[in-house]
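In what follows, a single structure is set out as structure tokens and then discussed.
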Amino acid sequence: APTYSIMISGHCRAGNTERCTELYKEMTGKGFTPDLLLCNSIIDTFCKAKNVDDALQVLDKMSKVGAKPDVVTYNILLDGLHKANMLEKADELFSTMVANGCAPDLITYSTMLDGLCKRNRIKQAQEMFDTLLEKDLVPDIVTFNILMDGLCKAGKLDEAKDLLDVMSEHNVAPDGVTCTILMNGLCKDKRTDEAVKLFMYMKEKGSVVDVTPHNIVLLGLCREGKLGQALMFFNRMVKSEGEFSPDVVTYTTLVNALIEVGKVDRAVEYFQRMTDSGLAPDYVAYNTLMNGLKKQGRFIQADRLTEAMKAKGFLTD
RNA sequence: AGUUGUGUGUCCGUCC
Numbered sequence: 112a113p114t115y116s117i118m119i120s121g122h123c124r125a126g127n128t129e130r131c132t133e134l135y136k137e138m139t140g141k142g143f144t145p146d147l148l149l150c151n152s153i154i155d156t157f158c159k160a161k162n163v164d165d166a167l168q169v170l171d172k173m174s175k176v177g178a179k180p181d182v183v184t185y186n187i188l189l190d191g192l193h194k195a196n197m198l199e200k201a202d203e204l205f206s207t208m209v210a211n212g213c214a215p216d217l218i219t220y221s222t223m224l225d226g227l228c229k230r231n232r233i234k235q236a237q238e239m240f241d242t243l244l245e246k247d248l249v250p251d252i253v254t255f256n257i258l259m260d261g262l263c264k265a266g267k268l269d270e271a272k273d274l275l276d277v278m279s280e281h282n283v284a285p286d287g288v289t290c291t292i293l294m295n296g297l298c299k300d301k302r303t304d305e306a307v308k309l310f311m312y313m314k315e316k317g318s319v320v321d322v323t324p325h326n327i328v329l330l331g332l333c334r335e336g337k338l339g340q341a342l343m344f345f346n347r348m349v350k351s352e353g354e355f356s357p358d359v360v361t362y363t364t365l366v367n368a369l370i371e372v373g374k375v376d377r378a379v380e381y382f383q384r385m386t387d388s389g390l391a392p393d394y395v396a397y398n399t400l401m402n403g404l405k406k407q408g409r410f411i412q413a414d415r416l417t418e419a420m421k422a423k424g425f426l427t428d
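Letter by letter, the first sequence follows residues 112 to 428 in the working numbering.
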């Protein structure tokens, strides 16, 4: 059984859902019972693969063999259900959890908070935040970042900045993710210059500034039509050699920007450069180029790209 | 030993 545990958790972490499922079936078939931590890993792997139904079945099996799910089990499933838009199931599970004597913790509330924020239910999210305080739970940086992002995406940038004060009242210092969330909010509000200021501030402060804030600045420049600056910025990213090297999102942002100004050949060039640099385009990357090719009537190239997508398993129908 | 919540790209949808 420990052998299975190690193998399964390895595949789980690698995101190899199929192999993970196979091994799990094989293990249970042989009469071995996965322990709680392994069950949680498996459930999480299913959830992250958007396979919440199988995840729930693992929960069912657990209760059959009398294994008690813990708060982590419930948190994982609540997150999966929210992200799969199964809200009624999520509420149901929350009730089950409480009925089974499992006390919701900070992560439970943060997970639900995120679910509300992502649906733009800001008012309810703020109520959830108050509830969490009433329960004497202590919000951490992730809780605040979730709320910060919700406020920014709802266009409430002023309230987002006010939240910084609330954070310091709770002795929670903003981190790189907080800054990135605010930068993104500023960019989406067409305040790229302010976002860049925040970006520079982060760099001056010596924080670790990874590829994500760079991608946000790049997108901001592209949206402002400053393609020349965007390309210079991109070149600096290439030279960073690892610290904030371009990723699939970086390339997709540029490909899209080039398409929008009608430079499809250059877009194709950058797409090629992405694969040449050893990055594997994802569905969004393919879709971006595909739409550009079709918009320009490049049907032969589009067909060729369709074949590539099929070969990679991105088109299942 | 190993498990859960937060930030960036395309299209579509929802709201205005």
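Beta carbons: idealized from backbone N, C-alpha and C, even for Gly.
- For F382, the uninterrupted alpha helix (DSSP H) run begins and ends at 375–387, by DSSP.
- Residue ranges of uninterrupted alpha helix (DSSP H) with 4 or more members, entirely inside the region 235–291 and ordered along the chain, are 252–264, 268–280.
- Counting the other Cβ atoms within 10 Å of the Cβ of N151 gives 16 or more, which makes it buried.
- Shown here, F425 sits in coil according to DSSP, grouped into three states, outside any helix or strand.
- The criterion of a C-beta distance shorter than 9 Å is satisfied by V366 and T399.
- Contact annotation: L149 and I119 have beta-carbon atoms nearer than 9 Å.
- Within the region 132–196, no run of beta strand (DSSP E) at least 3 residues long lies entirely inside it.
- Here N326 is buried, its C-beta having at least 16 other C-beta atoms within 10 Å.
- Put simply, of V163, G121, S174, M278 the residue whose alpha carbon is nearest the alpha carbon of H193 is V163.
- One Cα belongs to Q383, the other to G177, and the distance between them is close to 54 Å.
- DSSP places C213 in the coil class of the three-state scheme, outside both helix and strand.
- Proximity of the region 253–264 to the region 284–302 meets the contact definition, three or more beta-carbon pairs being nearer than 8 Å.
- Note on geometry: alpha-carbon atoms of K234 and D225 lie some 13 Å from one another.
- According to the DSSP assignment, Q340 belongs to the alpha helix (DSSP H) that extends over 338–350.
- Here S221 has V253, T254, I257 as same chain residues with Cβ atoms under 7 Å from its own Cβ, once five neighbours each way along the sequence are excluded.
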